[in-house]
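Engineer:
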Amino acid sequence: MDTRVSGQPFATVADVQNFTGTPDVSDACILVVDDIELNRLLIQVHLIEEGFRQIHFAVDGADALDKIKRLHPDLVILDLLMPKVDGFEVLERLSDMSLPHSPAVIVQTALSEQDERVRVFEMGATDLVTKPITPVELKARTRLHLENRFLLHGLRSYHERLNRDLLLARQMQEGLLPTAHQLDIIEARYGVRLQHAYVSSDELGGDFWGVQEIDDDRLFFHITDFAGHGITAALNTFRLHSTLMQQDHSMKSPANYLAQLNKHLCRLLNPGQFATMLCGVIDIRQNSITYASAASTTPLLGQLSTGNIQCGDPSGVPLGVIEDAVYEDRSLPFLPGHMLFLYSDALTESPDKDGVALMDEGLQSLMTNALRSQDGRNGKVEFLDDLMAAFDARVPRPLPDDLTAVSFQRL
Amino acid sequence: MDTRVSGQPFATVADVQNFTGTPDVSDACILVVDDIELNRLLIQVHLIEEGFRQIHFAVDGADALDKIKRLHPDLVILDLLMPKVDGFEVLERLSDMSLPHSPAVIVQTALSEQDERVRVFEMGATDLVTKPITPVELKARTRLHLENRFLLHGLRSYHERLNRDLLLARQMQEGLLPTAHQLDIIEARYGVRLQHAYVSSDELGGDFWGVQEIDDDRLFFHITDFAGHGITAALNTFRLHSTLMQQDHSMKSPANYLAQLNKHLCRLLNPGQFATMLCGVIDIRQNSITYASAASTTPLLGQLSTGNIQCGDPSGVPLGVIEDAVYEDRSLPFLPGHMLFLYSDALTESPDKDGVALMDEGLQSLMTNALRSQDGRNGKVEFLDDLMAAFDARVPRPLPDDLTAVSFQRL
Amino acid sequence: MHYEINNGGESLQATLSEKITFSDHDIFREMISTMLNDQTAQQVIDLSAVDFIDSAGLGMLLLARDEISKTNKTLVLKAPQGQVKRMFDVARFDTMFTIEH
Amino acid sequence: MHYEINNGGESLQATLSEKITFSDHDIFREMISTMLNDQTAQQVIDLSAVDFIDSAGLGMLLLARDEISKTNKTLVLKAPQGQVKRMFDVARFDTMFTIEH
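Residue numbers (our numbering), protein chains in the order written: chain P, 204 to 614; chain Z, 204 to 614; chain V, 72 to 172; chain S, 72 to 172.
Printed below as a string of structure tokens:
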């Protein structure tokens with residue numbers, strides 16, 4: 204069975220470590236352009252001494268351009284004064300060619316005129332060495348420019364792969380959230396309008412939220428935040444999401460639900476990892492919200508007309524820390540005109556340009572303003588947009604942590 | 204409330220993009236060392252023209268060393284011939300100081316002697332410019348070396364953070380696998396010895412496997428592989444692991460189990476994402492294995508004494524693609540002396556140094572050899588170690604995909 | 072992986088060669104978007120010159136199936152050989168694709 | 072975050088100041104390993120000079136709790152103030168730690 208498989212398509216930890224060291228450039232392809240054979244030989248000797256193995260030659264500018272096209276050299280050591288096509292013309296044509304990986308060009312010149320040297324740089328040369336060539340200088344510059352190019356090239360492709368992977372992971376993470384279609388159905392069925400905002404501090408985050416229909420009168424909801432962010436937090440959101448997908452959401456007691464989840468997470472999470480969560484049931488027949496909290500943020504219940512705010516109680520042991528943790532069912536009223544607001548701690552803890560965070564008090568005053576500025580015509584309330592705009596005006600990006608905010612408006 | 208919070212501790216997509224562009228070096232700290240005031244002023248003018256804003260001066264070598272210690276400059280432009288401490292001594296002392304972030308040094312010299320230029324490079328100068336200084340050259344070299352340093356510095360700290368995050372994620376992923384303690388318990392209770400090997404191609408992978416006790420006679424097992432690898436594959440392993448943790452493993456039919464999981468994964472996975480899985484039940488009373496497969500690798504059942512191998516049937520629709528997929532229960536005998544071998548496709552598909560992969564046939568002959576070379580004394584069979592050693596001798600690292608291998612030996 | 076697209080009037084045929092693996096994601100996506108932009112009703116991926124496919128490669132074909140199923144076109148996989156055919160058998164691709172041998 | 076460790080004979084006290092956030096992971100771990108290497112039975116983390124803690128900071132304290140619980144030492148958190156005290160109240164740290172006010 205003779206099946207050939209292509210090599211490593213992905214970046215490894217070893218790759219990453221390579222980037223912080225010095226890349227091996229001995230296999231770099233170098234093109235030496237000089238019309239005088241002795242000069243080409245001398246340069247070759249210096250480059251071989253320095254450990255380079257792939258050295259090619261061109262005898263004039265026309266030959267150089269031809270070989271650049273064919274060999275795709277990493278570096279060209281270019282003489283200026285040559286018959287037929289000279290070095291200046293090579294530089295000019297090179298910049299016209301706009302190759303995807305155009306070579307670095309070290310110009311060797313006997314010209315000591317300021318103007319000529321300026322012109323060489325302006326025409327796109329990477330560097331220049333003065334004739335007669337000092338071997339140590341030629342070697343140092345050749346090595347320097349090649350190492351730069353190799354480093355950048357490896358770096359760029361590593362980051363391209365990584366970015367693609369992170370982008371995909373992020374799309375997967377967005378896929379955990381309720382869709383606009385689901386929210387429309389919920390609004391029509393329960394008269395509860397949900398709006399949400401998400402600002403990522405990072406490629407991947409530890410925040411998510413969800414909502415699920417229980418029966419004709421009741422909606423289950425939760426907002427969850429894994430400590431930290433980045434890949435590890437994201438891994439945890441995925442495992443919790445799968446767990447939630449399989450839980451029975453018909454329960455009467457959010458506190459029991461949290462206690463169950465907590466037991467499950469205690470088996471899964473590493474020490475020091477935990478989640479904060481607030482979950483609850485909106486009951487439109489009872490005009491109430493029953494909720495339980497595991498160290499979440501303070502749930503805020505606002506009144507559209509007055510801007511009055513009632514604070515819920517967020518206290519409770521975080522999930523995944525102690526196995527026998529117990530939680531408490533609490534309740535809030537939920538009548539037409541009420542707005543329940545849930546958010547991750549980035550909203551209250553992100554610093555503004557002076558390093559000052561909103562904290563609970565600041566958020567409540569933003570919320571009061573946002574509630575009061577709604578005229579409520581046709582039920583078109585832009586509460587969340589207004590609140591987030593006030594936050595944006597105050598707090599610069601990037602945020603130190605992911606931000607999730609969800610509002611539940613009883614129509 | 205005046206609570207100041209520290210800024211962004213984590214790398215963002217924007218950071219990554221920055222590394223592939225050109226870093227802004229205008230805020231770099233540059234120290235110009237020259238005993239002649241006019242020279243210092245001229246260099247200052249050039250640097251200001253080039254947009255640099257933090258330019259400091261030293262009037263001799265002693266002053267230079269003092270300011271390097273205090274200011275931690277990114278770059279030093281160093282004259283050689285100075286009263287008291289000269290440039291050579293500055294270079295020497297600088298390399299003795301071994302600063303954590305020692306500055307780049309561009310030496311300016313009127314010396315045109317080859318030996319002196321060689322000496323300057325050997326003493327650790329990054330580059331040199333010839334006096335009288337060509338402004339365009341000075342500017343180009345200053346910019347070049349600073350951009351290099353900034354790029355590398357940003358890169359290094361980005362990769363440190365990323366590596367830490369990936370390392371933690373990888374530990375979490377290892378935490379999904381059965382522990383040595385669990386395997387000991389299973390061996391004692393069922394007379395089934397499990398050994399396993401894992402080789403990562405990457406920071407994070409899409410492979411995992413598990414085993415779980417059902418009752419006195421029966422063990423549940425699975426081996427699962429998400430297509431692709433990297434962060435996205437890892438996210439999927441975590442969500443599947445959580446799902447498995449909550450499934451009822453007491454079922455009689457592995458085929459039904461796969462059908463159930465498939466439905467669940469169809470709701471979770473993005474198009475093009477899928478998992479292959481083989482799961483089954485070992486029954487030590489019935490001396491049999493019942494299994495079902497969703498496009499997994501061929502399960503191999505070997506006989507320790509003879510080296511004979513019986514191939515199972517791995518065919519079945521991959522998980523997460525079509526919602527109403529059905530699977531088939533199949534069986535294999537499992538008597539003392541039998542060895543069940545499961546593995547991810549990296550074992551058969553990874554290329555050796557000639558680019559040739561083992562494929563099914565090659566693996567079977569390695570397995571036969573490994574089975575025959577066990578003498579079975581005291582039940583100390585090193586089947587998996589021997590098989591992996593034969594694989595290692597043949598296939599170079601890094602592998603193109605993660606490799607998981609698990610053997611189940613009936614004692 | 073390499074590919075060539077020919078429009079035979081009644082059907083659009085993409086002829087693939089070499090291997091389809093994890094690293095061919097971009098070129099495969101490029102091929103799919105060319106196929107999606109074409110209005111021919113029957114779209115064929117000829118695999119007769121492909122000598123290896125890995126699980127990521129199977130994923131790309133499933134992605135193609137998903138994308139083309141959203142249009143009014145049909146997708147046919149043609150003439151898988153050797154290892155590719157065995158992978159199709161193992162993953163029961165006959166239950167998900169129209170395969171022409 | 073900054074810290075200072077003093078051994079008072081009967082107890083080892085780490086006095087923390089400023090903020091404990093996501094970016095202090097390394098310095099915090101360093102402090103914990105110093106504490107673990109010390110044989111004093113009672114280990115105190117004095118928080119009176121800490122003016123802010125985020126959820127990552129709470130995680131570090133939970134990690135310290137976990138590590139120290141594996142030894143025969145006891146851990147006391149001392150004098151949380153302001154925002155730190157409020158975070159402790161919300162996360163019910165009194166049920167997980169000995170807190171000395």
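All residues carry an ideal CB built from backbone N, CA and C; glycine is no exception.
1) So the candidates are Val279/Z, Arg256/Z and Ile258/Z; which of them puts its Cα closest to the Cα of Gly264/Z?
2) Under 7 Å, CB to CB, which of the residues in the stretch 336-356 of chain Z have a partner in chain P?
3) Please identify, using Cβ separations under 8 Å, the residues of the stretch 455-480 of chain Z that lie next to chain V, in order along the chain.
4) Quick check on Tyr361/P: does DSSP put it in helix, strand or coil?
5) Listed in chain order, which residues of the stretch 507-528 of chain Z have Cβ atoms closer than 7 Å to some Cβ of chain V?
6) Could you confirm whether any beta carbon from chain V is found closer than 9 Å to the beta carbon of Ser499/Z?
7) Assign Gly558/P to buried or exposed, taking buried as 16 or more other Cβ atoms, counted over all protein chains shown, within 10 Å of its Cβ.
8) If you run the structure through DSSP and keep just helix, strand and coil, what is Thr166/S?
9) Check the Cβ-Cβ distances between Gly431/Z and every residue of chain V, and say whether any is below 9 Å.
10) Indicate whether at least one CB of chain Z lies closer than 9 Å to the CB of Leu146/V.
11) Please classify Leu500/P as buried or exposed, where buried requires at least 16 neighbouring CB atoms within 10 angstroms.
12) Based on Cα-Cα distance, which residue from Ser445/P, Ile389/P and Glu252/P lies nearest to Leu379/P?
13) Compare the C-alpha of Leu569/P against each of Arg597/P, Asp230/P, Asp330/P and Ile309/P and name the closest.
14) If the cut is a Cβ gap below 7 Å, which residues of chain P does Ser576/Z touch?
15) Indicate whether at least one CB of chain Z lies closer than 9 Å to the CB of His444/P.
16) Roughly how far, in whole angstroms, is the beta-carbon of Pro603/Z from the beta-carbon of Leu545/Z, given that I think they are within contact range, below 8 Å?
17) Is Gly264/P helix, strand or coil by DSSP?
18) Count the other CB atoms, across all protein chains shown, that sit within 10 Å of the CB of Ile251/P; report buried if there are 16 or more and exposed otherwise.
19) Using the Cα positions of Val339/Z and Arg273/Z, report the straight-line distance between them to the nearest angstrom.
20) Taking 6 Å as the limit between beta carbons, can you name the residues of its chain near Ala528/P, skipping five residues before and five after?
21) For a contact defined as C-beta to C-beta under 7 Å, what are the partners of Asp418/Z on chain V?
22) Answer yes or no: does any C-beta atom of chain Z fall closer than 9 Å to that of Ser126/V?
23) What does a CB cutoff of less than 8 Å around Asp117/S pick up in its chain, not counting 5 residues either side in sequence?
24) Would Leu146/V pass as a contact of Phe168/V if the rule is Cβ separation under 9 Å?
25) Let me know the beta strand (DSSP E) ranges lying completely inside the stretch 97-139 of chain V, each 3 residues or longer, listed in chain order.
26) Cutting at 8 Å between CB atoms, please list the residues of its own chain near Arg322/Z, excluding the five before and the five after it.
27) Is there a Cβ of chain V sitting closer than 9 Å to that of Glu552/Z, yes or no?
28) Relative to chain Z, which residues along the stretch 303-324 of chain P have a C-beta separation below 7 Å, given in chain order?
29) So with Cβ pairs under 9 Å, would you call Leu107/V a contact of chain Z?
30) With DSSP as the reference, please indicate the residues paired to Met480/Z in a beta bridge.
31) Please list, in chain order, all residues of the same chain as Ser403/Z whose beta carbon is under 6 Å from its beta carbon, the five residues on each side excluded.
32) Give, in chain order, every unbroken run of the alpha helix (DSSP H) that is at least 4 residues long and sits entirely within the stretch 257-304 of chain P.
33) Under 7 Å between beta-carbons, which chain Z residues line up against Met591/P? List them in chain order, please.
34) List the endpoints of the continuous beta strand (DSSP E) containing Leu83/V.
35) Can you list, in chain order, the residues of its chain with a C-beta nearer than 8 Å to that of Ala497/P? Leave out the 5 residues immediately preceding and following it.
36) Can you tell me the Cα-Cα spacing of Gly540/P and Leu504/P, whole angstroms?
Structural biologist: Considering the structure as presented:
1) By alpha-carbon distance to Gly264/Z, the top candidate from Val279/Z, Arg256/Z and Ile258/Z is Val279/Z.
2) Here the close residues are Thr337, Val339, Glu340, Ala343 and Asn351.
3) Under the 8 Å Cβ criterion, the stretch 455-480 of chain Z contributes Pro474, Gly475, Gln476, Phe477 and Thr479.
4) Tyr361/P: helix per DSSP, three-state reduction.
5) Residues passing the 7 Å Cβ filter: Pro517, Ser518, Gly519, Val520, Pro521, Val524 and Ile525.
6) At least one chain V Cβ lies under 9 Å of Ser499/Z.
7) Residue environment analysis places Gly558/P among the exposed positions, since fewer than 16 neighbouring C-beta atoms fall within 10 angstroms of its C-beta.
8) Reduced to three states, the DSSP call for Thr166/S is helix.
9) By this cut-off, Gly431/Z is an interface position.
10) Not one chain Z Cβ lies under 9 Å of Leu146/V.
11) For the sequence presented, residue 500/P should be read as Thr rather than Leu. Thr500/P should be labelled buried.
12) With distances taken between Cα atoms, Leu379/P lies closest to Ser445/P.
13) If we check each option's Cα against that of Leu569/P, Arg597/P comes out closest.
14) Those within 7 Å of Ser576/Z in chain P number zero; the least Cβ separation is about 23 Å.
15) The Cβ of His444/P sits closer than 9 Å to at least one Cβ of chain Z.
16) Beta-carbon to beta-carbon, Pro603/Z and Leu545/Z are separated by about 20 Å, too far to satisfy the 8 Å threshold.
17) DSSP places Gly264/P in helix when its eight states are reduced to three.
18) It is exposed - the Cβ of Ile251/P has fewer than 16 other Cβ atoms within 10 Å.
19) Looking at the two C-alpha atoms, the distance is approximately 29 Å.
20) These residues qualify, in order along the chain: Asn465 and Val520.
21) Ordered by position in chain V, no residue passes the 7 Å Cβ test against Asp418/Z, which lies about 32 Å from the chain.
22) Yes, contact with chain Z.
23) For Asp117/S, where only same-chain residues beyond five positions count, the Cβ hits under 8 Å are Gln84, Ala85, Thr86, Leu87, Lys149 and Ala150.
24) The criterion of a C-beta distance shorter than 9 Å is satisfied by Leu146/V and Phe168/V.
25) Considered as a whole, the stretch 97-139 of chain V harbours 113-124 as its complete beta strand (DSSP E) runs of no fewer than 3 residues, in chain order.
26) Excluding five sequence positions before and after Arg322/Z, the CB atoms of its chain that fall closer than 8 Å to its own CB belong to Phe291, given in chain order.
27) For Glu552/Z, the nearest beta carbon of chain V is closer than 9 Å to its own beta carbon.
28) Result list: Gln317, Arg320, Val321 and Phe324.
29) No, because no Cβ of chain Z sits closer than 9 Å to the Cβ of Leu107/V.
30) The beta-bridge partner set that DSSP reports for Met480/Z consists of Thr427/Z and Ala497/Z.
31) If we look at Ser403/Z and ignore the five residues flanking it on each side, its Cβ neighbours are Asp605.
32) DSSP runs (the alpha helix (DSSP H)) wholly in the stretch 257-304 of chain P: 264-274 and 290-300.
33) Those do not exist, as Met591/P stays about 19 Å from chain Z at its closest Cβ, beyond 7 Å.
34) Note, Leu83/V: beta strand (DSSP E), Ser82 to Ile91.
35) So the list reads Leu461, Asn465, Ala478, Thr479, Met480, Leu481, Gly519, Val520, Pro521, Leu522, Ala528 and Tyr530, once near-sequence residues are dropped.
36) Rounded to whole angstroms, the gap between the alpha carbons of Gly540/P and Leu504/P is 10 Å.
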